[in-house]
Amino acid sequence: MTGGDTPAGGDAFEEPPAGPAGRAPAVRPFLVTSGRVAGASTEPPIPVETQVVTTAAGIQTLDRLAFEHRDIIALCRQPQSLAEVAAKLRLHLNVVRVLAEDLQSSGLLSVYMPSTEAARDVSVLRRVIDGLRTIPDSRGTLRDTN
1060 MTGGDTPAGG DAFEEPPAGP AGRAPAVRPF LVTSGRVAGA STEPPIPVET
1110 QVVTTAAGIQ TLDRLAFEHR DIIALCRQPQ SLAEVAAKLR LHLNVVRVLA
1160 EDLQSSGLLS VYMPSTEAAR DVSVLRRVID GLRTIPDSRG TLRDTN
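Dropping the structure here:
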């Protein structure tokens, strides 16, 4: 064969098309948490409204963390709820719970659990409902306040 000849079935030697290959497949949540569905503690799961914030140690180790751990630490420089972290990073809520507990046990993330009395306080629930009503719908109109 000379330099310009192509063997039969020469398609096998063609270079792949240039350009983006498309979106990579999503990683399964159990792979992110190494198969764990709960954090290291035996306590009940962290509530979704729990506030998390990066510690000074977390900021110092940010460049040495990998993947989701790094993303959580970077995002939580300002206090965030677990629900906000999950939504902003597009991660399953239980994955964020497990990773937050791991980061807390490593001293990289501070976790502030809500007071159980606040959940039973009717005035808090009223303020939440009123706040939700001030959010306009997709058409920009406010919801009925009745």
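Residue numbers (our numbering): 1060 to 1205. Built from N, CA and C at the ideal position, the CB exists for glycine as well.
Under 8 Å between C-beta atoms of residue i and residue j
i, j, result
"Val1157", "Val1111", "no"
"Gly1117", "Leu1167", "yes"
Backbone secondary structure at residue i - three-state DSSP
i, result
"Val1107", "coil"
"Leu1168", "strand"
"Val1187", "helix"
"Ser1174", "coil"
"Gln1119", "helix"
"Ser1197", "coil"
Cut-off 7 Å between Cβ atoms - residues of its own chain near residue i, not counting five sequence neighbours on either side
i, result
"Arg1129", "Leu1121"
"Leu1150", "Glu1127"
"Thr1114", "Gly1166, Leu1167, Leu1168, Ser1169"
Candidates the options, of which the one nearest residue i by Cα
i, options, result
"Gln1163", "Pro1173, Ile1131, Asp1180, Ala1146", "Ile1131"
"Gln1137", "Ser1169, Leu1191, Pro1104, Thr1193", "Ser1169"
"Met1172", "Ser1140, Thr1193, Thr1200", "Ser1140"
"Gln1119", "Glu1108, Thr1109, Ala1133, Val1107", "Ala1133"
"Leu1152", "Leu1191, Val1181, Asp1189, Glu1108", "Glu1108"
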